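Visitor: Right, I'll just put the structure down here and ask away after.
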Amino acid sequence: MSPSSLLLLIGAILISPALSLNCASKIDNVYANCTVLPSLGAVLHWNYTETNSTLSFAAGANISRGMWFGWGINPGNGDGMNGAFAFLALYPQSGILTVKPYSLTLNSRSTITEVPNKSLPWIVQNSSAVVGSAGGVWIYATLSNLTRPSQLNTLWQVGPLSTDRQPHPLGHQMETENMNAKVALTLAAGNSVAPGVSPSPAPAGDSGITPAQSPGNATGSSSASWKSTANLYPLLLVFGIFGLVL
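When the letters of the sequence shown are read in order and numbered with mature numbering (1 follows the signal peptide of the UniProt record, and there is no 0), they come out as residues -20 to -1, 1 to 226.
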């Protein structure tokens, strides 16, 4: 197996419970609501203003370099990729963390497509990605003019990045953790989400994070697919023994 193939396998590491974030994880902003998402060790903090249908959120997952983390919304009736849009935080092996918006509807090449903010079905007031000093990669954004704000079909995912000069997201795994990475988030009626919500704690001291702003106007097609058919996790556990992971 080539070194590049090994890197891609390592990049697809399964997020273990020991690496999971929680509502006590230190973040840069204060939010009224928080929930530990039901898979992939991810967590979501958010505020919602009903008068102008504005959602401010911080979504985080504990990923290593060479990986990406994405959080998004399907504005239609579905709860999957088709029709959904997401912000992906790209954390390459070398270089800076960036965040980019993507359409998750597969194109003619069965890949997802990077899109400008203006192509999203809501107004993006701001977006950024940070690496927390206490761990985790976080996506921050404020979205207004949400459609169907009473209940949002949300989804999130992690996966490997390519190792070329301009890393792009590669397909995620099809394990149970990945397939369960979606939930209906209720905003207007009680601010609740399964499996339960707790208030977000205030940040304790200096957050120690450096933001990476979304370019917001980049366009083009990524050679990424939000899905994959390979079952790689047993191999990853072996690689982890030799210190190749993290």
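Don't be surprised by glycine CBs; every beta carbon is placed ideally from N, CA and C.
The structure presented is a predicted model; accordingly, all values stated were derived computationally and were not measured.
#1: Skipping 5 residues on each side, what residues in its chain have a beta carbon closer than 7 Å to that of G56?
#2: Look up E30 in the DSSP assignment and say whether it is helix, strand or coil.
#3: Evaluate G75 with the Cβ neighbour count: other Cβ atoms within 10 Å of its Cβ, from every protein chain shown; 16 or more gives buried, anything less gives exposed.
#4: With which residues is N106 paired in a DSSP beta bridge?
#5: Can you check which of these residues, P140, A121 and H148, is closest to I43 by C-alpha distance?
#6: Following the continuous alpha helix (DSSP H) through T156, name the residue where it begins and the one where it ends.
#7: Using CA atoms only, rank isn't needed, just tell me which of C14, S36 and N133 is closest to F65.
#8: Considering only residues of the same chain and omitting the five flanking positions on each side of W48, which have a CB-CB separation below 6 Å?
#9: Do you know offhand how far L35's Cα is from T29's?
#10: Have a look at I119 and G112 and give me their C-alpha separation to the nearest angstrom.
#11: Residues in the same chain with beta-carbon distance under 7 Å from N125, minus the five sequence neighbours each way, listed in chain order, please.
#12: Do you know offhand how far T156's Cα is from G21's?
#13: Thinking L24 and C14 are a contact (beta carbons under 8 Å), I'd like their distance in whole angstroms, please.
#14: Would you mind working out which of T122, I53, G58 and S19 sits nearest N27, comparing C-alpha positions?
#15: Roughly how many angstroms separate the alpha carbons of N54 and N158, rounded to a whole number?
#16: Which one of P81, D144 and N160 has the shortest CA to CA distance from S99?
#17: Would you check whether the ligand FMN has a heavy atom nearer than 6 Å to the C-beta of W48?
#18: Would you kindly work out how many angstroms separate the C-alpha atoms of Y213 and G151, rounded to a whole number?
#19: Name the one or two DSSP bridge partners that N2 has.
#20: Classify residue 230 as helix, strand or coil using the three-state DSSP reduction.
#21: From the DSSP output, in three-state form, read off S36 for me.
#22: For G40, count neighbouring Cβ atoms within 10 angstroms of its own Cβ and tell me buried if that reaches 16, exposed if not.
#23: Going by other Cβ atoms of all chains shown within 10 Å of its Cβ, with 16 needed for buried, is T78 buried or exposed?
#24: Excluding the 5 residues flanking L167 on each side, which residues of the same chain have their C-beta closer than 6 Å to its C-beta?
Guide: On the basis of the data shown:
#1: Working through the sequence shown from its first residue, we reach residue 56 at position 76. Excluding positions up to five away in sequence, the list reads G63.
#2: Locating residue 30 in the sequence shown gives position 50, counting from the first residue. Coil, per DSSP.
#3: For the purposes of this step, residue 75 is taken as the residue at position 95 of the sequence shown. In summary, G75 is exposed, with fewer than 16 beta-carbon neighbours lying within 10 Å of its beta-carbon over all protein chains present.
#4: Residue mapping note: residue 106 aligns to position 126 of the sequence shown, counting from 1. Looking at the DSSP assignment, N106 forms a beta bridge with T122.
#5: Walking along the sequence shown from the start, residue 43 turns up at place 63. Residue P140 is the option with its Cα nearest to I43.
#6: In the sequence shown, residue 156 corresponds to position 176, counting from 1. Where T156 is concerned, the enclosing alpha helix (DSSP H) starts and stops at T156 to M159.
#7: Taking the sequence shown and counting its residues from 1, one reaches residue 65 at position 85. Cα-wise, what sits closest to F65 is N133.
#8: Residue numbering aside, residue 48 sits at position 68 when the sequence shown is read from its first letter. Once the five neighbours on either side are set aside, the close Cβ partners of W48 are L68, L70, G139, L141 and P149.
#9: In the sequence shown, the residue the question calls residue 35 occupies position 55. In the sequence shown, the residue the question calls residue 29 occupies position 49. Each residue's alpha carbon lies about 7 Å from the other.
#10: Here the question's residue 119 lines up with position 139 in the sequence shown. Here the question's residue 112 lines up with position 132 in the sequence shown. The C-alpha of I119 lies about 11 Å from the C-alpha of G112.
#11: As a working note, residue 125 is residue 145 in the sequence shown. S33, W102 and I103.
#12: By one-based count along the sequence shown, residue 156 stands at place 176. By one-based count along the sequence shown, residue 21 stands at place 41. Approximately 13 Å, taken between the alpha carbons.
#13: As a first step, residue 24 is located in the sequence shown; it is residue number 44 there, counting from the start. As a first step, residue 14 is located in the sequence shown; it is residue number 34 there, counting from the start. Contact flag correct, Cβ pair sits at about 7 Å.
#14: For the purposes of this step, residue 27 is taken as residue 47 along the sequence shown, with counting starting at 1. Residue nearest to N27 within the set T122, I53, G58 and S19 is T122 (criterion: CA-CA distance).
#15: Locating residue 54 in the sequence shown gives position 74, where the first residue counts as 1. Locating residue 158 in the sequence shown gives position 178, where the first residue counts as 1. The alpha-carbon atoms of N54 and N158 are separated by roughly 16 Å.
#16: In the sequence shown, counting from the first residue as 1, residue 99 sits at position 119. For S99, the nearest C-alpha among the options comes from P81.
#17: Judged by which ligands are present, the structure shown has none, so any question about the ligand FMN falls away.
#18: Locating residue 213 in the sequence shown gives position 233, where the first residue counts as 1. Locating residue 151 in the sequence shown gives position 171, where the first residue counts as 1. No answer about Y213 holds up, because its pLDDT of 38 lies below 50 and its placement is not dependable.
#19: For the purposes of this step, residue 2 is taken as the residue at position 22 of the sequence shown. In DSSP, N2 forms no bridge with anything.
#20: The question about residue 230 has no answer, for the chain in this structure spans -20 to 226.
#21: Looking up residue 36 in the sequence shown gives position 56. Of the three classes helix, strand and coil, the one that applies to S36 here is strand, per DSSP.
#22: Within the sequence shown, residue 40 is the residue found at index 60, counting from 1. Label assigned to G40: buried.
#23: In the sequence shown, residue 78 corresponds to position 98, counting from 1. It is buried - the Cβ of T78 has at least 16 other Cβ atoms within 10 Å.
#24: By one-based count along the sequence shown, residue 167 stands at place 187. Excluding sequence neighbours, L167 sits near Y28 and P129.
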